[in-house]
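Protein chains in written order, with our numbering: chain A, 52 to 538; chain B, 863 to 960; chain C, 17 to 498. Heads up, the thing below is written out as structure tokens.
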């Protein structure tokens, strides 16, 4: 009986080589658990049983033949359904793409397959990643495994829930305004948003092109480091992907010394935050302090403008990125229509979820004739101010620490009819996306209701190695990340 | 530039531009919801951005050019998800002049 | 009432790059099976991203340099948003605020036409409207989607249809000289859209008619005819309605070559709202000054530079030089023959052959010149033979043409055909006598008008199948006619 809860990526590979179990055994174990648990939390839109077993068999054949195994051999991944996976249904969490079978795969997914990872399924997401609770999915709402009446967070809620539910070894997500960090925090998982451009966006449905940051969830920082080593790096199909060399993150986990580490606490991130969230975060700060870290209060006055910048620029980019969804070359479309224009209107009107429509309308408005200067251009300038402000403070500190979400998980349905409230809840995560910085979300305890709290470590550009090292050492001396819900 | 009030007629115009057919209920609901958002965001106009350059891309890359080799999709695959095809053309209902 | 046409031209040039503008698909789409040169990027599948073609960008800059433009230091791309099925992303990646090249000019017929910009963008797929199973449908082929286009926009400095035609021709030549496009209007690798209105001076006041953009101009003559028709139409319209240009009454009219008219296509009421914004998927492009200078140095000699040089180096007339330089392959063949030679007589000789018999033959047979069939040695040897009076010029141009057609040595053709110049006065006298015999009134006519000697020389040339030495023939005739 394989203990799925305790597996790490390296252990799996090692176990395969030692023939403690086969890849097929492992895949079957995960699939069985998914069958048992997923009906309660509904993390998956598509479960790829056939593909998983085929991939597992191929790995087992390699082992039999004594061939070299990929670095992630046997690790089973859950993939957010906005990542295109060739020949496997990809819906982006929307009725627009129901039954869409992609003609190609995303670069990250392919890189992981090349390292012998196995896909278990496509996870639920807010439609096209627009949302912070997974309630905007065009299919169903995922439930938080800690309390199934609560949201798992979003937009990568399916992946976070699958990860904490031990339904996968690691899971893929994307973070445009907090969509990895926030569900990680709400579900008690470790999640990394890398620097913009660190991971390729090719083959992932675009939400906001200058914000989208593909990343992952895992049980701990070490596994995140292993995954990032394989996915990161320049992709000739993504002109915005970084040419900066990819460090061997897994080898650098003990590089940073906590003693003398300068950790900045931006005061604006601790305002308007639930008492338990604040308390758990502060307890963790004390842990760092005890290890010799220097805690330095800093100020980021432009923090609140982050939401404004975000909700101008993101809908603008969305409105253009969503224009290709007309049902002509792919995706659902209305069958009866008088003419082409009618077809466009009706297809988009019928199959787009409300949040899609809202953001496209807002973005179209901001870009419409006469408004470019007041909104898009102005927001782009304020974006510069936010970037500069972070740079100023990074001169004083090595990294920053803050809560991820002002609250822990909230009841399903509570915020659904108040989009503005939903947007404002992103206040602690979006400034990081506005600036393009990397951030790591670490579980740091539970609130009085038994719901997880997460803190984020924010780094300067391309300092994922530093973040993961600090996070790893934090996880060596704490056990928050080992806590699991009873399922 | 004076900002328009985000009312139902403005929403109708925007929905036209975005090619989304909205039901009367949607028009009512969305124009109210969007107006809330826009009202909140309007405060961005008060930020002093004189002499500030806009950030269109967060990272400092320049001059990235295509180095990839041709890799055409087989035509059957390329058109496999189309609404309608005819002799490998993608078929759409008659269009009105651009 | 004085009418001055105000014409601006927007020309799109399809580049002859191997790959498309933002993906690696083959850019060739002429007579290619539909949807066989596509990929996720140019089909705009979910998640696909554009990566720009460097050769295309450099070609755009070359065009800008050839048009005397300034090259923008840091250029970005932008999205122009509109919905149409041949535009799969629902936006076109183009340049608005930062075209690669700006503020240029070219000189034509003594006019200076300013160039507003030359920028980079991508082409759309091809649409075919037709009935299918009882429905009206459009068939779309995305092979052309994403092919690089350079858009060249002039200021409205053109004031006649002839000048417009010459402007388009000049752009065509420049682009062909640069080798970046075959700029064939019929094939669609070069498209022109004139925008025209009229300045009308009437009773001491000045009026401007509303702007009209003309689409579907499919040939040079078409451009000229469309403009002429518009000038007439706008003038009549103004007389009828007195309507003047304002910011919202620009219209688009299509041109029908068959009917020779323009017809209203779409009211550009308030203009389509394209919601331009910077393309976030493509980092800025900034070539260094040294890269641009290097590019400048690799520019070939351009038509007007060549024309000037031919006049200086070869003493050719402006007219002949212009005609020779009007076609890039023609000029290449001419220079192949000339080689390093600076002999002005030889140049004049070669120019005459090229612009005379060779040109006539190519025009008649609808062919382009094939520089592979041009043999410099043949031209040299025939020129020498002519200078040595071994053959007449008439024979020279014939045998060189035949040599082009057959590949044979022209002098051998002359020898085999008995065309070597007859300078034997005895033989010539016989021929002259025969002609005078056939023209009994010749002597009398000559007394009245000495010019008829030309006709008689021609008769002798005819009789000799061009081989008679015309100067000697003339001398003999003059003697006999006195």
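Each residue gets a CB set at the ideal place from its N, CA and C atoms; glycine is no exception. Values in this document were obtained by computation on a predicted structure and should not be read as measured data.
Under 9 Å by beta carbon: chain B residues contacting residue 53/C
932, 934
Outcome for residue 464/C when other beta-carbon atoms lying within 10 angstroms are tallied against a minimum of 16
exposed
Residues bridged to residue 463/A (per DSSP):
Per DSSP, none; premise fails for residue 463/A.
The stretch 878-889 of chain B: which residues have C-beta closer than 7 Å to a C-beta of chain C, in chain order?
879, 881
Using only CA atoms, which one of 162/C, 91/C, 142/C, 50/C lies nearest to residue 31/C?
162/C
Residue 396/A in three-state terms, based on DSSP
helix
Give me whichever residues DSSP pairs with residue 217/C in a beta bridge.
18/C, 222/C
Hey, is residue 918/B's beta-carbon within less than 8 Å of any beta-carbon in chain C?
yes
Which residues in chain A sit within 7 Å of residue 184/C, going by Cβ to Cβ distance?
By Cβ distance, chain A contributes nothing, its closest Cβ being about 32 Å from residue 184/C, past 7 Å.
Which partner residues does residue 388/C have in the DSSP bridge list?
Looking at the DSSP assignment, residue 388/C forms no beta bridge with any residue, so it has no partner.
Please check the pair residue 210/C and residue 43/C, which I expect to be a contact at CB under 8 Å, by giving their CB distance rounded to whole angstroms.
Not quite, the Cβ-Cβ distance comes to about 27 Å (not below 8 Å), so this is no contact.
Against chain B, with Cβ distances strictly below 8 Å, would residue 170/A count as a contact?
no
On the CB-based measure, 16 or more other CB atoms within 10 Å of its CB, does residue 254/A come out buried or exposed?
buried
Which residue's Cα is closest to the Cα of residue 108/A: 135/A, 90/A, 79/A?
79/A
Proximity test, Cβ basis, 8 Å: residue 325/A and chain C
no
Leaving out the 5 sequence neighbours to the left and right, which residues in its chain are closer than 8 Å to residue 70/C when beta-carbon positions are compared?
none
At what residues does the beta strand (DSSP E) containing residue 271/C begin and finish?
267-272
Candidates 320/A, 134/A, 460/A, of which the one nearest residue 96/A by Cα
134/A
Rounded to whole angstroms, what is the Cα-Cα separation between residue 114/C and residue 87/C?
10 Å
Start-to-end residues for the beta strand (DSSP E) that takes in residue 223/A
221-225
Under 7 Å Cβ to Cβ from residue 284/C, same chain only, skipping five residues before and after it: list those, please.
Residue placement at residue 284/C is poorly supported in this model, since its pLDDT is 49, which falls under 50; the coordinates still yield a value, given next. If we look at residue 284/C and ignore the five residues flanking it on each side, its Cβ neighbours are 266, 267, 268.
Quick check on DSSP: helix, strand or coil for residue 390/A?
coil
Using 8 Å for Cβ pairs, my map puts residue 148/C next to residue 953/B. What's the rounded Cβ distance?
7 Å
Residues of the stretch 386-399 of chain A with a CB closer than 7 Å to any CB of chain C: list them in chain order, please.
391, 395
The alpha helix (DSSP H) that contains residue 444/A, what's its start and end?
429-445
Run through chain A and tell me which residues come within less than 8 Å of residue 60/C, C-beta to C-beta.
375, 380
Using a Cβ-Cβ cutoff of 7 Å, what residues of the stretch 285-314 of chain C are near chain A? List them in chain order.
289, 291, 293, 296, 297, 298, 299
Please name the residues in the stretch 72-101 of chain C whose beta-carbon is closer than 8 Å to at least one beta-carbon of chain A, in chain order.
95, 97, 99, 101
Measure the beta-carbon distance from residue 502/A to residue 198/A and round it to whole angstroms, keeping in mind my assumption that it falls under 8 Å.
6 Å
Does the stretch 269-281 of chain A come into contact with the stretch 209-227 of chain A, if we say contact requires no fewer than three beta-carbon pairs (one atom in each stretch) closer than 8 Å?
yes
Could you tell me the alpha carbon to alpha carbon distance between residue 88/A and residue 81/A, rounded to whole angstroms?
10 Å
DSSP on residue 241/A, reduced to helix/strand/coil?
strand
If the cut is a Cβ gap below 8 Å, which residues of chain A does residue 942/B touch?
152, 154
Using a Cβ cut-off of 8 Å (strictly closer), state whether residue 50/C contacts chain A.
no
Just to check my reading of the structure: residue 151/A and residue 382/A have Cβ atoms closer than 8 Å, yes? What is that Cβ distance to the nearest angstrom?
6 Å
In this structure, does DSSP put residue 95/C in helix, strand or coil?
strand
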